[in-house]
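A short write-up of the structure that comes next.
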Amino acid sequence: MGIICLGAFILGLFIGSFLNVCIYRIPKGESVVWPPSHCPKCGEKIKPYDNIPVISYLLLRGRCRSCGERISYQYPAVELLTGLLTAAAVCRFGLTFSALYYLILTYYLIVVSFIDLKTMEVPVRLSYGALLSGLFLSFFVPNHSFKEAVFGASFGAGIILFIIETYYVFTGKEGMGYGDANIMAVVGAFLGWKKVLLTLFLASFVGALFGISLILINKEKREKAIPFGPFLSIGALLSLYFGDALIKWYLGGLGI
Ligand SMILES: [Zn+2]
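In the numbering used here, the protein residues as written are 2 to 257.
In structure tokens:
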């Protein structure tokens, strides 16, 4: 199993390299397959030997070989994160259809989080594609069903819309965005309605911790809104891996 996890990690690094392309190009409405990667400053095509995940970044010390332009640390970070999460899914679910199913969700969450961080937007087409995948591939996943996926997606979107409208009625302002409803529809399709609730709870908890830390280190900028997508993603991934245990522990505590 160790060697399979290692293989998954290395494959994940390369998939992460592709996710970087998606994060960079989807907000611009560009194709993610053509043209091949090039430096955004000088336009020089990236050579295959300079396109090895993480390693090339370290060897080039984070700069373009041809013009010396700084390359964002986001590139190796996304590659490493994708590698680790791919390994996690394969270690947990084995070489199964479930692993693939949950990796589709994972890759969607990675791309959507980084796009949300950079642009404060959640791409609709990408979310729509992920939603359809979550619904229709649910037939092939053990302990999941199409019915559960449809209900989970409706519940995920519905609960966010309810929060948005309630907040608006009482404050006249928009708190969360409709993009968050799209993200939670996808999460609900893949994970079901119970983990939608858990995801929201964990996302709020992690978001609050983050907000408090920002205030403590005095970096808070009041006028700058913090995108909630990354927190929803963290909540969804925690729910995927620890959700069953957490729900069981919680219901056990209630004596149900
Ligand atoms: Zn360059």
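Every residue gets a Cβ at the ideal spot worked out from N, C-alpha and C, and that includes glycine.
Rounded distance between the beta-carbons of C65 and K42, thought under 8 Å: 6 Å
Beta-carbon proximity check, G189 vs A154, cutoff 9 Å: yes
Touch test, the stretch 80-92 against the stretch 5-15, Cβ-Cβ under 8 Å, three pairs minimum: yes
Start-to-end residues for the alpha helix (DSSP H) that takes in A237: First-last of the alpha helix (DSSP H) with A237: G230 to G254.
For H39: DSSP bridge partner residues: K46
Start-end ranges of the alpha helix (DSSP H) lying completely within the stretch 77-134, minimum 4 residues: Qualifying alpha helix (DSSP H) stretches, in chain order: 98-120.
Under 6 Å, CB to nearest heavy atom of ligand 1: contacting residues: C40, K42, C43, E45, C65, S67, C68 and E70
Beta carbon of F1 nearer than 9 Å to that of S146: Shown here, the chain extends from 2 to 257; a query on residue 1 therefore has no answer.
Three-pair Cβ contact test at 8 Å for the stretch 54-61 versus the stretch 203-223: Fewer than three pairs of CB atoms, one per stretch, sit closer than 8 Å, so the stretch 54-61 makes no contact with the stretch 203-223.
Residue of L96, C92, L133 and F94 minimising C-alpha distance to Y109: L133
Where the alpha helix (DSSP H) through N144 begins and ends: Where N144 is concerned, there is no enclosing alpha helix (DSSP H), given that its DSSP letter is neither H nor E.
Neighbourhood of S114 by C-beta, 7 Å cutoff - its chain only, sequence neighbours within 5 removed: G230, P231 and S234
Straight-line gap, Y251 to P49 (C-alpha atoms, nearest Å): 50 Å
Identified DSSP bridge partners for R26: For R26, which the question treats as bridged, DSSP gives no partner whatsoever.
For S205, the nearest candidate out of F156, I227, I72 and I218 (CA to CA): I227
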